[in-house]
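Quick note: to get this note's numbering, add 355 to the position in the sequence shown (first position is 1).
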Amino acid sequence: MSHSFTLKNGSRALFNPDDSTLSITTPLGEVQHSTLGRAESRLLDLLLAEPGVIKTREQIIEHTWNDRVVASGSLNQVVFSLRNLLNDSRDHDILMTIPRRGYRFNPLYVRNGADAEAAPTAIEPEPLTAPVAAAPAAPIKEPPNWLRLGYAFTLLMCLATLAHFSLSSKTPSIEVASTQRGNLTLSTLGSTQDQAQALGSAVDKQLHNLPRDLAGQVWIHQSKSNYSISCIRTDQTTRNLLFNPQQRQLADVLAQCLEVSL
């Protein structure tokens, strides 16, 4: 069964777990299709099957990997990848973390009933074969779409005035390049493997003064001149930071991001 939901930038998403496809329709009507990895697809299907219901880490790992032995950070990486695809990497409003319990999909973003059926899967007009029945149907569905478009446009304009980095729904995939520094796992992300490795090389040159006792997991993504950093500390708490590497040293930011609260 397909699942329909909205994103925070006004886009509409349709996920088909049978073939792991995620189709996102922007407020301007552009449709972007991407194929999720097996783990991302099974996790998203599990959470969307019961929106609002908390799934524990144990339930998710058992469902997603079918009793396979996986690294402790595998689930965190899958959640991180999904949030990036859903433009939810900063405040986690859609795929929500419930501290010490697990994860849940925010039911406020789920579309169901007639509203879900209105989501377009292709921009291709069909000829009208029944003029009497089809004529009144068109004006009934048009107002909600235009109203939704107006709200989405207003939201996008507000976001632009805040000078935050733009949230794009056009990212088809995420590639990861990982390195190990003692007890610290450092992963850089890009739309291709070459981009991820290039960012990794650039990051490595900035970490000559990195404290050797740091531990945890770090994901770094570059957006224009800024770095977006997500950290998972040794106590399993998380933190997200956005900064300009020309204004602050990366090593200092990583130390701050990985600092465990006492």
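The C-beta atom is built at its ideal place from N, Cα and C for all residues, glycine as well.
Since we're looking at a predicted model, the values are computed, not measured.
Residue i - DSSP class collapsed to helix/strand/coil
| i | result |
| --- | --- |
| Arg367 | strand |
| Ala532 | strand |
| Gln604 | coil |
| Leu539 | strand |
| Gly545 | strand |
| Val434 | helix |
| Gly407 | coil |
| Glu614 | coil |
Straight-line gap, residue i to residue j (C-alpha atoms, nearest Å)
| i | j | result |
| --- | --- | --- |
| Ser585 | Leu596 | 7 Å |
| Thr540 | Ser533 | 7 Å |
| Gln591 | Leu609 | 16 Å |
| Ser359 | Asp400 | 11 Å |
| Arg456 | Ser546 | 32 Å |
| Asn581 | Gln602 | 10 Å |
| Ser542 | Trp574 | 5 Å |
| Leu605 | Gln561 | 6 Å |
| Thr407 | Asn461 | Before going on, a small fix: residue 407 reads as Gly here, not Thr. Approximately 5 Å between the Cα atoms of the pair. |
| Leu463 | His563 | 45 Å |
| Ser436 | His447 | 12 Å |
| Gln550 | Leu544 | 7 Å |
| Gly555 | Val531 | 9 Å |
| Leu440 | Leu362 | 10 Å |
| Leu377 | Val424 | 27 Å |
| Val433 | Thr419 | 10 Å |
With 16 other Cβ atoms within 10 Å as the buried cut-off, status of residue i
| i | result |
| --- | --- |
| His388 | exposed |
| Glu385 | exposed |
| Glu413 | exposed |
| Ile449 | buried |
| Ile415 | buried |
| Cys612 | buried |
| Arg393 | exposed |
| Gly396 | This sequence places Ser at residue 396; Gly is not what is there. Classification of Ser396: buried, given that the 10 Å Cβ count is 16 or more. |
| Thr442 | The amino acid occupying residue 442 in the given sequence is Asn; Thr does not appear at that position. By the 10 Å Cβ count, Asn442 comes out buried. |
| Asp368 | It is worth fixing the name first, because residue 368 is Ala in this sequence and not Asp. Buried is the call here. |
Residue i - containing alpha helix (DSSP H), residue span
| i | result |
| --- | --- |
| Thr419 | Arg412 to Trp420 |
| Ser359 | Element bounds for Ser359: not the alpha helix (DSSP H) but the beta strand (DSSP E), His358 to Thr361. |
Residue range of the unbroken beta strand (DSSP E) whose run includes residue i
| i | result |
| --- | --- |
| Ser375 | Counting along the chain, Ser375 falls outside any beta strand (DSSP E), and DSSP gives it neither H nor E. |
| Val424 | Note, Val424: premise wrong, no beta strand (DSSP E); not H, not E. |
| Val386 | Val386 to Thr390 |
Every unbroken beta strand (DSSP E) inside the stretch 442 to 472 [3 residues or more]
450 to 453 and 457 to 460
Which residue spans inside the stretch 559 to 601 form an unbroken beta strand (DSSP E) run of at least 3?
Correct list: 571 to 578, 581 to 587 and 593 to 598.
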